[in-house]
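**Q** Positions 9 to 400 (the working numbering) are the ones given, in order, by the sequence shown. Ideal Cβ positions, reconstructed from N, Cα and C, are used throughout, including at glycine.
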Amino acid sequence: MFKLECAVQNYAWGRVGLNSTVAKLHGGDVDQKKPYAELWMGAHSNGPSKLVESGISLADYIRDHPESLGQHEQGSLQFLFKVLSVETALSIQSHPTKEQAKILHKNDPKNYPDDNHKPEMAIALTDFELLCGFRVPHEIISNFKAHQELLDLIDEHQLEKLASDHEDEHKGALKNIFAEIMNSSHDKIKEIIDAIIERISKKETRPEVEELMLRLNSQYPGGDIGVLAPFLLNYFTLKPGEATFLGPNEPHAYLYGDCVECMACSDNTIRAGLTPKFKDVPTLVANLTYQMTAPPYFRPKEIALGITEYAPPVPEFTVQKIGPEAKTLPNVKASSILIVIQGMAVLRTDDATSLVLKSGDVVFISASVHETTVESDTDDFLAFRAFTPYKA
9 MFKLECAVQN
19 YAWGRVGLNS
29 TVAKLHGGDV
39 DQKKPYAELW
49 MGAHSNGPSK
59 LVESGISLAD
69 YIRDHPESLG
79 QHEQGSLQFL
89 FKVLSVETAL
99 SIQSHPTKEQ
109 AKILHKNDPK
119 NYPDDNHKPE
129 MAIALTDFEL
139 LCGFRVPHEI
149 ISNFKAHQEL
159 LDLIDEHQLE
169 KLASDHEDEH
179 KGALKNIFAE
189 IMNSSHDKIK
199 EIIDAIIERI
209 SKKETRPEVE
219 ELMLRLNSQY
229 PGGDIGVLAP
239 FLLNYFTLKP
249 GEATFLGPNE
259 PHAYLYGDCV
269 ECMACSDNTI
279 RAGLTPKFKD
289 VPTLVANLTY
299 QMTAPPYFRP
309 KEIALGITEY
319 APPVPEFTVQ
329 KIGPEAKTLP
339 NVKASSILIV
349 IQGMAVLRTD
359 DATSLVLKSG
369 DVVFISASVH
379 ETTVESDTDD
389 FLAFRAFTPY
399 KA
């Protein structure tokens with residue numbers, strides 16, 4: 009068990025200076041004018057963690073000490089662990105399957121730097137706003153009928169199909185509607201957005217979908233197609249400790265707040281709006297699942313005193329939330345990375361290592377460690393641990 013120094017990503021959407029939880033956790037000198045968006049904990053080449061004592065990269069340490077991983081971890085960390093601090097909306101995006109990732113990386117390595125998929129889970133640290141997954145049909149229909157400008161973008165026959173009793177037609181209709189919007193000219197989209205904004209700005213009260221549209225337009229003015237996303241995608245807020253799991257080819261965008269995030273070790277993103285970066289509309293439209301559901305909350309389980317586990321249906325990662333009541337960490341037969349969010353504790357392992365940890369400290373725990381005790385005198389202690397689960 010040893011401490012890690014972790015990389016910070018200063019993406020433009022991050023919270024600025026000490027308003028950022030990422031900046032506070034990372035410590036050191038903080039530039040009050042710079043955004044601190046993500047803290048990366050792991051071995052990804054775009055933001056590798058280093059051992060505090062020696063300065064060598066975690067990837068190099070694992071290469072030289074393969075016994076630090078469980079046999080099922082395939083010789084490298086299978087996950088990337090993060091903290092995010094979001095001020096303005098991230099791009100409307102999805103992530104490819106493994107098979108799609110290999111093809112995208114082969115054909116366009118500049119924009120798709122990994123050949124791996126990127127299922128991910130977000131666990132809220134504060135109230136955390138996001139768009140995720142397509143709304144159920146009646147909500148989409150209601151939103152379009154409330155805004156004639158949107159109807160002007162599409163073939164209304166597709167909306168009738170979405171409203172029909174023939175559920176087997178719903179996905180195809182939604183795909184056609186989404187494709188028509190996404191393939192509209194920038195001038196047409198700007199005209200539609202401007203018309204809706206002008207109209208709803210005059211209203212004394214507005215539903216939340218319109219309030220969100222106004223906010224997104226203020227962040228991404230000039231006709232960004234992502235400003236229309238709230239009419240199609242679920243908008244909801246995770247409370248601290250609540251989570252959502254994002255499988256492949258599900259559209260989403262984080263909007264505001266702080267979260268812990270874990271994913272397969274990949275940096276692949278298919279973007280389509282709310283971004284100045286490369287947009288790949290054809291790939292996004294072709295690959296989305298077009299599932300229509302209520303907001304996709306993920307339900308964790310309390311597996312021991314003070315230990316709540318978030319175990320998504322993917323082999324690469326599981327996350328545990330560790331509270332002040334926890335006395336021991338479960339033996340997961342795998343390496344793990346742990347970050348302290350708040351409070352203090354002493355961690356002791358059965359290999360005679362002990363560390364005093366405070367907010368912002370990140371540690372790597374080897375798979376060879378079988379027992380780890382937690383001693384905390386603070387009633388606000390909160391930590392998260394990520395690992396690749398062992399399947400017997």
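Grab the span of the beta strand (DSSP E) containing PHE244 for me, first residue to last.
**A** Position 236 of the sequence shown, counted from the start, is the residue given in the question as residue 244. From DSSP, the beta strand (DSSP E) with PHE244 extends over 241-246.
**Q** Pairing CB atoms from the segment 265-280 with CB atoms from the segment 84-93, are three or more of them under 8 Å?
**A** In this structure the segment 265-280 touches the segment 84-93; the number of beta carbon pairs closer than 8 Å is three or more.
**Q** Would you call the segment 233-248 in contact with the segment 143-156, where contact means no fewer than 3 C-beta pairs closer than 8 Å?
**A** yes
**Q** In angstroms, rounded to a whole number, what distance separates the CA positions of GLY231 and ALA312?
**A** For the purposes of this step, residue 231 is taken as residue 223 along the sequence shown, with counting starting at 1. For the purposes of this step, residue 312 is taken as residue 304 along the sequence shown, with counting starting at 1. Straight-line Cα distance between these residues: approximately 50 Å.
**Q** Can you list, in chain order, the residues of its chain whose CB lies under 7 Å from that of GLU188, leaving out five sequence neighbours each side?
**A** Locating residue 188 in the sequence shown gives position 180, where the first residue counts as 1. If we look at GLU188 and ignore the five residues flanking it on each side, its Cβ neighbours are LEU161, ILE162, ASP163.
**Q** Between the alpha carbons of ASN18 and PHE136, how many angstroms are there, rounded?
**A** Walking along the sequence shown from the start, residue 18 turns up at place 10. Walking along the sequence shown from the start, residue 136 turns up at place 128. Cα-Cα distance, rounded: 19 Å.
**Q** Bridge partners of ARG356, per DSSP?
**A** Numbered from its first residue, the sequence shown carries residue 356 at position 348. Looking at the DSSP assignment, ARG356 forms a beta bridge with SER362, THR381.
**Q** Going by DSSP, which residues form a beta bridge with HIS260?
**A** As a working mapping, residue 260 is identified with position 252 in the sequence shown. According to DSSP, which records beta bridges pairwise, HIS260 is partnered with GLN101, CYS140.
**Q** For the beta strand (DSSP E) holding ALA391, just list the boundary residues, first then last.
**A** Mapped onto the sequence shown, residue 391 falls at position 383. Residues 390-395.
**Q** Scan the segment 129-204 and note each continuous alpha helix (DSSP H) run of 4 residues or more that stays entirely inside, going in chain order.
**A** 145-153, 156-159, 164-171, 178-190
**Q** Reducing DSSP to helix, strand and coil, say where ARG214 ends up.
**A** Counting from one through the sequence shown, the residue named residue 214 turns up at place 206. Looking at ARG214 - three-state DSSP - the assignment turns out to be coil, as it is neither helix nor strand.
**Q** For ILE149, which residues from the same chain have a beta carbon less than 7 Å from its beta carbon, with the 5 sequence-adjacent residues on both sides left out?
**A** As a working mapping, residue 149 is identified with position 141 in the sequence shown. For ILE149, where only same-chain residues beyond five positions count, the Cβ hits under 7 Å are LEU167, LEU170, ALA171.
**Q** Would you mind listing the alpha helix (DSSP H) stretches within the segment 44-129 that are 4+ residues and don't spill past its ends, in chain order?
**A** Runs of the alpha helix (DSSP H) inside the segment 44-129: 66-72, 106-115.
**Q** Where DSSP assigns a beta bridge to LYS11, which residues make up the other side?
**A** By 1-based counting over the sequence shown, the position of residue 11 is 3. VAL371, per the DSSP bridge assignment.
**Q** Given a threshold of 16 other Cβ atoms within 10 Å of its Cβ, counted over all protein chains shown, does THR386 qualify as buried or as exposed?
**A** Within the sequence shown, the letter at position 378 stands for residue 386. THR386 comes out exposed.
**Q** Quick one: what's got a C-beta closer than 7 Å to VAL235's C-beta in the same chain, skipping five residues either side?
**A** The residue labelled residue 235 in the question sits at position 227 within the sequence shown. Here the set comprises ILE201, MET221, LEU224, ASN225, TYR228.
**Q** Tell me whether ASN184 is buried or exposed, calling it buried when 16 or more other Cβ atoms sit within 10 Å of its Cβ.
**A** For this step, residue 184 is matched to residue 176 along the sequence shown. So ASN184 ends up on the buried side.
**Q** To the nearest angstrom, how far is it from the Cα of GLY83 to the Cα of TYR264?
**A** Translated into the one-based positions of the sequence shown, residue 83 becomes position 75. Translated into the one-based positions of the sequence shown, residue 264 becomes position 256. Roughly 36 Å between the two C-alpha positions.
**Q** Do you know offhand how far HIS146's Cα is from CYS140's?
**A** In the sequence shown, residue 146 corresponds to position 138, counting from 1. In the sequence shown, residue 140 corresponds to position 132, counting from 1. If you take the alpha carbons of HIS146 and CYS140, they lie about 17 Å apart.
**Q** When burial is assigned at 16 or more other CB atoms within 10 Å of the CB, is PRO284 buried or exposed?
**A** Position 276 of the sequence shown holds residue 284. PRO284 should be labelled exposed.
**Q** Expressed to the nearest angstrom, what Euclidean distance is found between the alpha-carbon atoms of VAL38 and ALA31?
**A** Here residue 38 refers to the residue found at position 30 when the sequence shown is read from its first residue. Here residue 31 refers to the residue found at position 23 when the sequence shown is read from its first residue. Those two C-alpha atoms are separated by around 7 Å.
**Q** My assumption, with CB atoms under 8 Å, is that ALA97 sits in contact with GLU250. Please give the rounded CB distance.
**A** The sequence position of residue 97 within the sequence shown is 89, counting from 1. The sequence position of residue 250 within the sequence shown is 242, counting from 1. Contact doesn't hold; Cβ gap of about 19 Å is too wide.
**Q** When you compare the segment 362-381 with the segment 324-332, are there three or more beta-carbon pairs, one atom per stretch, that lie closer than 8 Å?
**A** No: fewer than three Cβ pairs fall under 8 Å.
**Q** Would you mind stating whether VAL382 and LYS341 have Cβ atoms separated by less than 8 Å?
**A** Indexing the sequence shown from 1 puts residue 382 at position 374. Indexing the sequence shown from 1 puts residue 341 at position 333. The answer is no: Cβ separation not under 8 Å.
**Q** Are the CB atoms of LEU296 and PRO259 nearer to each other than 8 Å?
**A** For the purposes of this step, residue 296 is taken as the residue at position 288 of the sequence shown. For the purposes of this step, residue 259 is taken as the residue at position 251 of the sequence shown. Taking 8 Å as the Cβ cut-off, LEU296 and PRO259 qualify as a contacting pair.
**Q** Taking the alpha carbon of PHE253 as the point to measure from, which residue in LYS126, SER192, GLU199 has its own alpha carbon closest?
**A** Along the sequence shown, read from residue 1 onward, the residue named residue 253 stands at position 245. Out of LYS126, SER192, GLU199, LYS126 has the C-alpha closest to the C-alpha of PHE253.
**Q** According to DSSP, which residues form a beta bridge with GLN299?
**A** Locating residue 299 in the sequence shown gives position 291, where the first residue counts as 1. None, per the DSSP bridge assignment.
**Q** Report the option in SER192, ILE347, ILE204 whose CA atom is closest to the CA atom of PHE372.
**A** Position 364 of the sequence shown holds residue 372. Comparing Cα-Cα distances from PHE372 to each of SER192, ILE347, ILE204, the minimum goes to ILE347.
**Q** Taking the C-alpha atoms as reference points, what is the distance between TRP21 and ILE100?
**A** To locate residue 21, count along the sequence shown from 1; it is residue 13. To locate residue 100, count along the sequence shown from 1; it is residue 92. Those two C-alpha atoms are separated by around 13 Å.
**Q** Quick check on ARG279: does DSSP put it in helix, strand or coil?
**A** Locating residue 279 in the sequence shown gives position 271, counting from the first residue. Looking at ARG279 - three-state DSSP - the assignment turns out to be strand.
**Q** What number of angstroms, rounded off, separates the C-alpha of GLU302 from the C-alpha of LEU138?
**A** Here the question's residue 302 lines up with position 294 in the sequence shown. Here the question's residue 138 lines up with position 130 in the sequence shown. Note that residue 302 corresponds to Ala in the displayed sequence, not to Glu. Each residue's Cα considered, the two are about 13 Å apart.
**Q** Around the Cβ of ILE64, are there at least 16 other Cβ atoms within 10 angstroms (buried) or fewer (exposed)?
**A** Counted from its first residue, the sequence shown places residue 64 at position 56. Exposed.
**Q** Would you mind giving the Cβ-Cβ distance between TYR298 and LEU182, rounded to the nearest angstrom? I have them listed as a contact below 8 Å.
**A** Position 290 of the sequence shown, counted from the first residue, corresponds to residue 298. Position 174 of the sequence shown, counted from the first residue, corresponds to residue 182. At roughly 5 Å, the Cβ-Cβ gap stays under 8 Å, so TYR298 and LEU182 are in contact.
**Q** By Cβ distance, which residues of its chain are closer than 6 Å to VAL370, with the 5 residues on each side in sequence left out?
**A** Translated into the one-based positions of the sequence shown, residue 370 becomes position 362. Taken in chain order, the residues that qualify are LEU12, CYS14, MET49, ILE347.
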